[in-house]
Amino acid sequence: MEQLIDILLLMLSSVLVQNFIFAKFYGICPFLGVSDKPATAAGMGMAVTFVITLSSAATWAVYYYILEPFRLTFLKTIAFILIIAALVQLIEMFLKKFVPSLYQALGIYLPLITTNCAVLGSALLNIQNGYNFVYSVAVGFAAAIGFTMAILIFAGVRARLQFAQAPKSFQGMPLVLISAGLIAIAFSGFSGINF
Amino acid sequence: MTILYAILWFAGIALVLGAMLALASIVFEVKVDPKIPEITEVLPGANCGGCGFAGCSACAEAIVRGDAKVTACPVGGQAVADQIASIMGVEAGSVTRMRAQVMCSGTRDNARQKYIYEGPHDCAAAMRLGGGPKECPNGCIGFGTCELLCPQDAIHVENGVAVVRAEKCIGCGICVESCPKHIIKLIPFDAPVHVGCSSLDKGALTRTYCEVGCIGCKMCTKVCESGAITVNGAIASIDYEKCTHCGKCVEKCPRKIIVFEEGKAKIEESVIEEAKVEEPINEAPDAVTPTSEEPTPAVITEKVKTEEPDTPTAPDSAENQAEETTPDSQTAENP
Chain P
152 MEQLIDILLL MLSSVLVQNF IFAKFYGICP FLGVSDKPAT AAGMGMAVTF VITLSSAATW
212 AVYYYILEPF RLTFLKTIAF ILIIAALVQL IEMFLKKFVP SLYQALGIYL PLITTNCAVL
272 GSALLNIQNG YNFVYSVAVG FAAAIGFTMA ILIFAGVRAR LQFAQAPKSF QGMPLVLISA
332 GLIAIAFSGF SGINF
Chain D
24 MTILYAILWF AGIALVLGAM LALASIVFEV KVDPKIPEIT EVLPGANCGG CGFAGCSACA
84 EAIVRGDAKV TACPVGGQAV ADQIASIMGV EAGSVTRMRA QVMCSGTRDN ARQKYIYEGP
144 HDCAAAMRLG GGPKECPNGC IGFGTCELLC PQDAIHVENG VAVVRAEKCI GCGICVESCP
204 KHIIKLIPFD APVHVGCSSL DKGALTRTYC EVGCIGCKMC TKVCESGAIT VNGAIASIDY
264 EKCTHCGKCV EKCPRKIIVF EEGKAKIEES VIEEAKVEEP INEAPDAVTP TSEEPTPAVI
324 TEKVKTEEPD TPTAPDSAEN QAEETTPDSQ TAENP
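Just so you know, the sequences run in chain order P and D. Throughout the first sequence, residue numbering follows this note's numbering, covering 152 to 346 in sequence. Throughout the second sequence, residue numbering follows this note's numbering, covering 24 to 358 in sequence.
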């Protein structure tokens with residue numbers, strides 16, 4: 152029971168306090184790239200959630216059953232990239248066959264995630280923090296939910312920005328980056344909470 | 024020793040993952056009709072959604088499934104329809120390439136404003152404030168909602184009125200749906216003449232707020248020899264099936280709102296002069312063909328013109344007629 156509460160608190164902390172985008176600045180590329188419309192942002196969020204959860208499990212197993220016994224932990228970055236890439240391919244084929252509707256919904260975002268640093272970062276953080284298997288998967292899932300929430304919030308903000316009459320020098324990316332920074336400052340308010 | 028382990032284990036992991044993917048590609052193989060990628064290849068690939076499907080590949084799937092006709096793509100025109108038809112092994116029929124046209128000429132100098140608008144820079148938002156800042160209830164608001172949505176960057180607001188650049192327009196119809204005033208219409212790509220006004224008000228009223236609004240004087244109807252122009256209520260509309268591109272209405276219009284498409288005007292003027300020398304009524308449509316600027320649409324329309332009398336039951340001609348009658352039906356609804 153105590154462990155369950157511990158996991159839930161850890162998950163909440165991953166979503167809000169240690170938010171991938173606004174606190175750790177992982178996955179900024181997809182965050183800026185596909186937050187044009189709420190619909191595409193939701194698709195990206197779903198794909199990231201899917202991949203991070205599964206890769207957390209796979210990388211944990213590879214690290215503790217292969218890399219650590221043979222003292223190859225210094226190669227974990229390469230190993231994780233390899234595993235994540237293969238995993239994404241596998242998931243893509245699996246979805247295409249058995250869940251075509253989800254495959255259609257995720258679309259191009261699934262293969263794009265192969266090189267997403269949020270996925271790799273999540274796997275590396277799990278190892279760094281010494282989480283066990285259940286913790287790794289739970290925290291990975293929560294972090295991805297945090298990513299999805301952040302990208303959805305930002306898509307909403309950008310939908311409003313489209314109608315703003317900004318000065319010429321601020322139009323487009325500058326205004327987007329400034330608003331992302333403002334939301335990050337707002338999220339830093341959570342950092343006072345310690346679980 | 025460590026390096027040996029590293030090489031061995033990584034080779035092992037890579038081998039296992041590779042084998043897994045190879046196996047998965049066989050186990051999870053999804054059989055796709057080879058026609059679908061072929062048709063996707065032929066389609067323009069703009070993913071504009073003008074066909075009513077989610078994108079070009081979705082359209083290709085629908086065509087193969089039989090849910091869409093081979094002429095489903097409004098952008099590709101005859102050339103694409105023919106290619107798809109040859110892949111599907113059926114007859115294509117004929118397609119008219121369409122382009123969007125904003126039926127308003129009320130620039131800032133011409134149309135009176137009833138108030139100064141300072142809200143969100145969006146037509147739909149301005150529309151809710153008493154129908155927008157322009158006094159004309161059917162004038163272009165000019166905040167560029169169509170400009171924002173155009174997948175081809177073909178439409179731009181110039182001096183308060185959206186203007187379509189015909190050479191970029193693919194006729195997907197997204198702007199037509201987005202316009203809160205419903206003043207953007209799809210017309211045949213080669214049509215050089217259009218009525219640049221959508222005003223449904225009576226002439227005397229239109230005259231008070233717009234320098235160039237159609238007043239329904241019927242001068243164009245009288246001068247048109249092919250009977251292509253009709254005036255319903257107080258707005259002229261052109262039946263492009265009958266229009267011979269003679270340009271007499273353009274000369275006659277006292278409000279100068281029946282206009283030649285910009286850029287094409289010069290070519291068409293020379294055509295008119297040629298047509299005048301010969302018999303103006305019958306020879307005009309054939310004389311239009313030498314448009315050096317846009318060779319393909321001219322060829323397309325020529326085909327259409329020659330084919331249409333032979334195949335009167337072609338599905339697309341029926342659709343075109345329906346589209347062109349819309350201004351009339353609107354007039355009837357809003358007297």
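For every residue, glycine included, the Cβ atom is placed at its ideal position computed from N, Cα and C. Here the structure is a predicted model, which is why all the values come from computation and not from measurement.
Asked                                                                                                                              : Found
Residues of the stretch 48 to 72 of chain D with Cβ closer than 7 Å to any Cβ of chain P, in chain order                           : Ser-48, Phe-51, Val-53
Whether Pro-215/D touches His-268/D by CB criterion (8 Å)                                                                          : yes
Local Cβ density within 10 Å of Met-420/D, reported as buried at 16 or more and exposed below that                                 : Any question about residue 420/D goes unanswered here, given that chain D covers just 24 to 358.
Minimum Cβ-Cβ distance from Asp-90/D to chain P less than 8 Å                                                                      : no
8 Å Cβ cutoff, Met-197/P in contact with chain D                                                                                   : no
Pick from Val-187/D, Thr-244/D, Glu-158/D, Asn-182/D that is closest to Leu-172/D, judged by C-alpha positions                     : Val-187/D
8 Å Cβ cutoff met for Ala-91/D and Cys-74/D                                                                                        : yes
Minimum Cβ-Cβ distance from Lys-227/P to chain D less than 8 Å                                                                     : no
Whole-angstrom distance between Lys-188/P and Val-180/D, CA atom to CA atom                                                        : 23 Å
Under 9 Å by beta carbon: chain D residues contacting Leu-233/P                                                                    : Phe-33, Ile-36, Ala-37, Leu-40
Cβ pair Arg-309/P, Val-327/P closer than 8 Å                                                                                       : yes
For Glu-302/D, three-class secondary structure by DSSP                                                                             : The pLDDT assigned to Glu-302/D is 42, lower than 50, so where the model puts this residue is not dependable; a value taken from the coordinates is nonetheless given after this. Glu-302/D: coil per DSSP, three-state reduction.
Start-to-end residues for the beta strand (DSSP E) that takes in Met-121/D                                                         : 121 to 125
Between the CA atoms of Ala-148/D and Gly-142/D - distance to the nearest angstrom                                                 : 8 Å
Pro-143/D: contacting residues in chain P (beta-carbon distance under 7 Å)                                                         : Phe-314
The stretch 102 to 117 of chain D contacting the stretch 217 to 237 of chain D, beta-carbon criterion three pairs below 8 Å        : no
Residue-chain proximity (Ile-295/D, chain P), Cβ-Cβ < 8 Å                                                                          : Confidence is the limiting factor: at Ile-295/D the pLDDT is only 46, short of 50, which leaves the residue's position unreliable, though a coordinate-based value still follows. No - not a single Cβ of chain P is within 8 Å of the one on Ile-295/D.
CB contact flag (Gly-174/P, Phe-338/P, <8 Å)                                                                                       : According to the sequence provided, residue 174/P is Ala. The question's Gly does not apply to it. For Ala-174/P and Phe-338/P, yes; Cβs fall inside 8 Å.
Residue from Thr-25/D, Ala-257/D, Gly-270/D with nearest C-alpha to Ala-227/D                                                      : Ala-257/D
Alpha-carbon to alpha-carbon, Lys-247/P and Val-103/D                                                                              : 29 Å
Touching by the beta-carbon criterion (3+ pairs, under 8 Å), the stretch 50 to 66 of chain D and the stretch 241 to 257 of chain P : yes
Val-184/D classed as buried or exposed, judged by whether at least 16 other C-beta atoms fall within 10 angstroms                  : buried
Nearest-angstrom Cβ-Cβ length linking Thr-168/D and Cys-146/D, presumed shorter than 8 Å                                           : 4 Å
Sequence ranges, alpha helix (DSSP H) only - wholly within the stretch 202 to 271 of chain D, length at least 4                    : 226 to 232, 242 to 246
Close beta carbons around Gly-297/P, own chain, < 8 Å, minus the five adjacent residues each side                                  : Ser-165, Val-166, Leu-167, Gln-169, Asn-170, Phe-171, Ile-172
Three-state class that DSSP yields for Trp-32/D in the structure shown                                                             : helix
Thr-63/D versus Gln-313/P - alpha carbon distance                                                                                  : 32 Å
When His-205/D, Ile-252/D, Glu-264/D are compared against Cys-276/D, the one with the closest alpha-carbon                         : Ile-252/D
Ordered list of alpha helix (DSSP H) runs contained in the stretch 47 to 123 of chain D, each at least 4 residues                  : 58 to 65, 79 to 88, 100 to 111
Short CB-CB distance (under 8 Å) between Lys-248/P and chain D                                                                     : yes
Pair within 8 Å by beta-carbon distance, Met-150/D and Pro-203/D                                                                   : yes
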